[in-house]
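Worksheet: one structure, shown below.
Residue numbers (UniProt numbering): 1 to 452.
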């Protein structure tokens, strides 16, 4: 008898946790497990600001899939379309070859992409903080601005190169601004020709409060820490337009800058749009058991799914966080095992364990189990949480060693060659145009099946 085929789409927290648990709970004869992932690693996304700031090496936050998953077949590529009625997934491999992968059960965890808006110049001049390549690129770019500013006598050019704007007052944006501001401040000892007063960091967000999930007290404390460091935080403000040398805010201010880092939220993967399924704000509507009700054998989770938050009730959905994604991955695995063994499925229920925000150095704010903390105790909790969340002992060791080395030896502020002559754009990293429409999916399935 042929084994049921379980296809997991996505190599992030949700997909990898699901595959790991399936390996532990299912015997090799019970199912064939396949994972579709564009990279050979699981990215620990919350620590990307540390990579951009040079506190951690890129490899330390990239956890090897083949070290983590021993029985799972890994297809190097990305899903670009799904035909749920034929139960096949169209995959574009990293060689650009397109293949059709059949399944009996589909786990959709394709994650999210950077959410953008129709702002003049945004797509051409903004940099993101969503992928490992973007974090490495941003680091090279920031250090390049210091190098070029130190090499010119033109005051206007120095001002534009030493002006930095981060958009997004959530966790990613706040930590990115905080960590990179520490990088430029520490680098000043190596750039004696630069006037420290010329280095300007701006953090802006359209919301009236910084990181509202933290509560008023901790949000205000984080705001004070940033402003005490010299970061200009503007709330209720967004970007009106961007060009090569300036960023114009919606309040009319024009800031000299050649660096705009965009972290203003995420949107569900465009893969969701290839399905004729109900969505909630662009995310797949699923049941409490994480099933997509319109299609047999399909589950969705993580950033791509609107998962009912039973802990909050009142129709709330779970926020797209790493904490929820990992736990949803384990719950989907449990429900897949139950489905294979003709047992009842269980709903997903989870109360947040807390929130941690690492602002670099000794600065942090944390809220573990509703206990508000700041300073060094909060930093210890934040870093302890990250180490606990890393999935292998090798990854924990690498991250811990990197933190220790950076604390004792500092940074050499070197560029590693990611910066090309032609500046990279947001679309160069996330490939949002690679997905098929519903009609194209049907045509591709027919054509590829005819060839096979």
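Even glycine gets a Cβ: it sits at the ideal position worked out from N, Cα and C.
DSSP places residue 155 in the uninterrupted alpha helix (DSSP H) bounded by 155-161.
Residue environment for residue 401: exposed (fewer than 16 other C-beta atoms within 10 angstroms of its C-beta). Ranked by how close their Cα comes to the Cα of residue 250, the residues 36, 180, 235 have 235 in first place. Residue 7 is positioned such that its CB atom lies no closer than 8 Å to that of residue 122. In the DSSP assignment, the residues bridged to residue 42 are 63. Taking C-beta separations shorter than 6 Å and ignoring five residues to either side along the sequence, the partners of residue 209 in its chain run 219, following chain order.
Residue burial is scored here from C-beta neighbours: residue 217 has fewer than 16 other C-beta atoms within 10 angstroms and is therefore classed as exposed.
Counting C-beta atoms within 10 angstroms of its own C-beta, residue 129 has 16 or more neighbours from the protein chains shown and is therefore classed as buried. Check the Cα spacing between residue 274 and each of 29, 84, 98, 54: the tightest is with 84.
The C-beta distance from residue 329 to residue 13 rounds to 7 Å, short enough to fall under 8 Å. Taking all protein chains shown into account, residue 258 has 16 or more neighbouring C-beta atoms within 10 Å of its C-beta and is therefore buried.
With 16 or more other Cβ atoms from the protein chains shown falling within 10 Å of its own Cβ, residue 335 counts as buried. Residue environment for residue 176: buried (at least 16 other C-beta atoms within 10 angstroms of its C-beta).
For residue 220, the uninterrupted alpha helix (DSSP H) run begins and ends at 216-228, by DSSP. Inter-segment contact for the region 252-268 and the region 110-119 is present: three or more beta-carbon pairs are separated by less than 8 Å.
As computed with DSSP, residue 105 is found in a beta bridge with 6. One thing to note: residue 32 has its Cβ no nearer than 8 Å to the Cβ of residue 68.
Where residue 114 is concerned, the enclosing beta strand (DSSP E) starts and stops at 112-114. No Cβ-Cβ contact shorter than 8 Å links residue 144 with residue 425. In the three-state reduction of the DSSP assignment, residue 81 falls in the strand class, which pools E and B. Residue pairing for residue 358: DSSP places it in a beta bridge opposite 364.
The Cβ-Cβ distance between residue 174 and residue 211 falls below 8 Å.
For residue 89, the three-state secondary structure derived from DSSP is strand. Taking the C-beta atoms as reference points, residue 36 is found no nearer than 8 Å to residue 81. The residue among 343, 337, 349 with its C-alpha nearest the C-alpha of residue 323 is 349. Here the C-alpha atom of residue 47 lies approximately 45 Å from the C-alpha atom of residue 450. With a cutoff of 8 Å on beta-carbon distance, residue 429 and residue 131 are scored as near each other. The shortest CA-to-CA distance from residue 231 to any of 184, 399, 98 is the one to 184. DSSP, read as helix, strand or coil, puts residue 291 in strand. Excluding the 5 residues flanking it on each side, residue 227 has same chain C-beta neighbours closer than 8 Å at 233, in chain order.
Around the beta carbon of residue 383, 16 or more other beta carbons lie within 10 angstroms, which makes this residue buried.
Contact check between the region 12-30 and the region 298-309: three or more CB pairs, one atom from each, fall below 8 Å, which counts as touching.
Shown here, residue 346 sits in coil according to DSSP, grouped into three states, outside any helix or strand.
Scanning its chain for C-beta atoms nearer than 8 Å, with the 5 sequence neighbours on each side dropped, one finds around residue 59 the residues 398, in chain order. Taking the Cα positions, residue 278 is about 16 Å away from residue 297. Comparing alpha carbon positions, the residue from 413, 438, 442 closest to residue 52 is 413.
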